[in-house]
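Asks: Those protein sequences? They're chains G and P, same order as listed.
If you read the first sequence in the numbering used here, its first letter stands for residue 151, the second for the next number, and so on.
If you read the second sequence in the numbering used here, its first letter stands for residue 151, the second for the next number, and so on.
Quick reminder that beta carbons are idealized off the backbone N, C-alpha and C, glycines included.
Protein chains: 2
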Amino acid sequence: MEAATEQIEAEPAPARTSPTLALVAERAGVSAITVSRVIRTPGKVAEPTRRRVEAAMQSLGYVPNLLAGSLASARSQAIGVLVPTIANAIFADTVQGLSDVMEALGYAVMLAQSRYDPAQEERMLVALLARRPEAVMMVGSPATERGAEMLRRPRIPVVETWELPEHPIDAAVGFDNRAAGVAVARHFAATGRQLLAYVGGNDPRATRRWEGFRDEAIASGLAAPERLVLERNATAGQAAIATLPDADAIFASNDALAIGLLAGLRVARPRRRVPQDVAVVGLGDLELGRFAPPPLSTVRIDGAAIGRAAARLMLDPGGERRVDLGFELVIRESG
Amino acid sequence: MEAATEQIEAEPAPARTSPTLALVAERAGVSAITVSRVIRTPGKVAEPTRRRVEAAMQSLGYVPNLLAGSLASARSQAIGVLVPTIANAIFADTVQGLSDVMEALGYAVMLAQSRYDPAQEERMLVALLARRPEAVMMVGSPATERGAEMLRRPRIPVVETWELPEHPIDAAVGFDNRAAGVAVARHFAATGRQLLAYVGGNDPRATRRWEGFRDEAIASGLAAPERLVLERNATAGQAAIATLPDADAIFASNDALAIGLLAGLRVARPRRRVPQDVAVVGLGDLELGRFAPPPLSTVRIDGAAIGRAAARLMLDPGGERRVDLGFELVIRESG
DNA sequence: GTCCGGTATGCTAGCGCTGTCATTGATGAT
DNA sequence: ATCATCAATGACAGCGCTAGCATACCGGAC
């Protein structure tokens, strides 16, 4: 007797696995594809059908599996972001600028950090690309040719930021780091400074700033500036003051460093007044720079704008490929 | 004649689509599964075979498709991270702390921002969960019951941070925000302050700090403190000083705000000296607080440690579910 | 009545991997 | 010689979705 083998209609098993399109479809008495359409193109489904499907999704707590969807459609709706570190306000601003645009359009952001390490950068690039992002934004350019090659392969938009390489992999948005260094040196020279110094990291961007700074100082007839390579934080800046007893003008490659410099100068003995005895100029225009005593002069860069521009570049692969957002030398009271 | 239909062996077409496991397998003269093993468990493949496969991968520039792999294995090797905004040093530190641990273990980080908006938070939760993360970390708790429900469904580790709810969805790591407020009020009372004020955001964590601060002030026999709800930045802090002409002790819910307060106080007329006339205490222990004049007293929180602890909690779902990392009242010179 | 175009829905085949079993041959124990 | 064991490899099905086409039905034009 067939009936004997029939099971008692059990309570829905406590779903070891999350509900699928097919389950929703069954509940709503439609086919899977219709459920898919309710999610993606609700306008193409008749009102009553749509209601039934929505009710079924609701009652099951259905959350689409975008992994499966991405595989089937070859569209991941995700972008990759690679920064040296997110714990640096300036990059965090850029990531936020990008996210603001991309999240609103339904893209997810995959974040990876290279820690200024080429090997780590390559590893993270693989990890990112393995998830088939539809575009990638990174700070700077790949440190290795293999990295660049990996980015070229998939033929997706790739936006390099915070600098403007001659030949970007695909697109770039940033400013001329060398010119920023030049502008600061010129300013120091024009205000009668004699002994310049530069403090900053040794990544490609910081190095380009240094080169511009040094070359312009020399071109202005000043002694070759000293260069100190430091951690990118205020503590390092404060400590560095002891190492620069004679400088009368210091360019710090980022504002945190500059604020540390200012703090070191405040307690230096013999006394070194800012800006009378020493001028300090930072880069980035961190909000807190404005609130340091004295308010910090800086090379203003709009990190969030870079992120938003990067979003535009990846969304319009046929459009502009190189956006110079420039910088602005903001002279406040520190020099 | 069959041979007639045979095609001339063409140059490999310029790969409109990226190479697959199957292509690599064909090149290496093995089956797809063997290539998969070379990638995931190289020890189980004989040396010469492995070499051939690796050469094939190399020459094709093969990058595995983790979307497909995740679907097949039901393991995404990704985690979701939801923060109010990444452009806040304190959350950026937490994200970095988490990433440091998880990236090293091969997990990718999907980042989403809620912008302190419950509706946005829900949207981002769906976007995150749709990608089937193996765990989720968020700052705070879901603002809505629907959000909480969504997080409970998939039975993955969920770590709430920066606070310690009585009954976390799954796990939590942070500190007692109320106690932080109490500690600051107690400190103010103990040092003879009379008219307290609180400035900060109105998110749940800031509100809890406020409640502790207010209750303790009253319990100490002081007048009920004033509360100012502000943007979470230094500019807002500086401007707020005009609104608090009588306060002799101000607790700012974050350090950026506090540094702005300090800046506002420096230029206030009539003169208000810190700490003689007004004490200022912040929260977070932003590096730059130490370099403000006067060095900022603060409730020290280790954001990166919270991130690292969150990683531990998600990696060991059977272990501890509630970690109190505490805080430390660091009295420097501002109060 | 026939045909047309449009709307609403469904079927089928795969996307690129991995889990689960098979299969093969070599090795050592008995 | 026989069998169990192990290492190395492969066949096959299927993860949960979507593209692309097919089907059914409707009302109106002819």
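#1: Is the shortest distance between the beta-carbon of A413(G) and the beta-carbons of chain P less than 7 Å?
#2: If you draw a straight line from the C-alpha of G485(P) to the C-alpha of R482(G), how long is it?
#3: What ranges does the beta strand (DSSP E) occupy inside the stretch 263 to 336 of chain P, keeping only unbroken runs of at least 3 residues that lie completely in it?
#4: State the CB to CB distance for the pair E508(P) and L394(P), rounded to an integer number of angstroms; the pair is presumed to be in contact (CB under 8 Å).
#5: Thinking C-alpha only, which one of L279(P), F477(P), S226(P) is nearest T448(P)?
#6: If we ignore side chains and look at the alpha-carbon of each, how far apart do A237(G) and S226(G) end up?
#7: The alpha helix (DSSP H) that contains S447(P), what's its start and end?
#8: Considering only DSSP beta bridges, list what M260(G) is partnered with.
#9: Tell me the rounded alpha-carbon separation between A277(P) and Y212(P).
#10: Looking at chain P, is there any beta carbon in it that lies within less than 7 Å of the beta carbon of M252(G)?
#11: What would DSSP say about I409(G), mapped onto helix, strand or coil?
#12: Identify whether T155(G) lies in helix, strand or coil by the three-state DSSP scheme.
#13: Is there a Cβ of chain G sitting closer than 7 Å to that of N352(P), yes or no?
#14: On the three-state DSSP scale, how would you describe F401(G)?
#15: Where does the unbroken beta strand (DSSP E) through L173(G) begin, and where does it stop?
#16: Can you list the residues of chain P that D243(G) reaches, using a CB-CB cut of under 7 Å?
#17: Since R355(G) and E313(G) should fall inside the 8 Å C-beta cutoff, what is the C-beta to C-beta distance between them, to a whole number of angstroms?
#18: If the criterion is Cβ atoms closer than 7 Å, does the pair G439(G) and I240(G) meet it?
#19: When DSSP builds the beta bridges, which residues end up paired with Y348(P)?
#20: Could you spell out where the beta strand (DSSP E) holding G434(P) opens and where it closes?
#21: Roughly how many angstroms separate the alpha carbons of L372(G) and R281(P), rounded to a whole number?
#22: At which residues does the beta strand (DSSP E) containing E478(G) begin and terminate?
#23: Of the residues that make up the stretch 187 to 200 of chain P, which ones have a beta carbon closer than 8 Å to any beta carbon in chain G?
#24: Please check if any C-beta of chain G sits within less than 7 Å of the C-beta of P283(P).
#25: I think L463(P) touches V309(P), with their Cβ atoms under 8 Å apart; what is that distance to the nearest whole Å?
#26: Just tell me which of R364(P), A374(P), R303(P) has its CA closest to the CA of T333(P).
#27: Going by beta-carbon coordinates alone, are A228(G) and P283(G) separated by less than 7 Å?
#28: I'd like to know whether the C-beta of L221(G) is nearer than 7 Å to at least one C-beta of chain P.
#29: What does R472(P) pair with, by DSSP beta-bridge criteria?
#30: From this set, S209(P), Q270(P), D398(P), L216(P), which residue's C-alpha is nearest H102(P)'s C-alpha?
#31: Whose C-beta lies closer than 8 Å to the C-beta of L221(P) among residues of the same chain, with five residues either side of it excluded?
#32: How about the stretch 185 to 203 of chain G and the stretch 191 to 209 of chain P: do they share at least three Cβ pairs that are nearer than 8 Å?
#33: Could you have a look at S223(P) and say whether DSSP puts it in helix, strand or coil?
#34: Whose C-beta lies closer than 6 Å to the C-beta of Q270(P) among residues of the same chain, with five residues either side of it excluded?
#35: Whose Cβ in chain P lies nearer than 8 Å to the Cβ of V349(G)?
#36: Between L261(P) and L261(G), is the Cβ-Cβ spacing less than 7 Å?
Replies: Let me lay it out:
#1: yes
#2: 28 Å
#3: 285 to 289, 308 to 311, 321 to 324
#4: Outside the displayed range of chain P (151 to 485) lies residue 508(P), so it cannot be described from this structure.
#5: F477(P)
#6: 27 Å
#7: Run containing S447(P): none in the alpha helix (DSSP H); it sits in the beta strand (DSSP E), 447 to 450.
#8: G230(G), M260(P)
#9: 28 Å
#10: no
#11: helix
#12: Only weak support is given to the placement of T155(G): the predicted model assigns it a pLDDT of 38, under 50, and the question is left unresolved by the model.
#13: no
#14: strand
#15: Taken as a continuous stretch (DSSP letters only), L173(G) belongs to no beta strand (DSSP E), being part of the alpha helix (DSSP H) at 171 to 178.
#16: A237
#17: 5 Å
#18: no
#19: R377(P), F401(P)
#20: 429 to 434
#21: 58 Å
#22: 478 to 480
#23: none
#24: no
#25: 5 Å
#26: Sequence inspection shows Ala at residue 333(P); the Thr mentioned does not correspond to that position. When only C-alpha atoms are compared, the closest one is R364(P).
#27: yes
#28: yes
#29: A322(P)
#30: A question about residue 102(P) goes unanswered here, because the residues of chain P that appear run from 151 up to 485.
#31: none
#32: no
#33: helix
#34: S264
#35: Going along chain P, no residue has its Cβ under 8 Å from V349(G), so there is no contact; the nearest lies around 15 Å.
#36: yes
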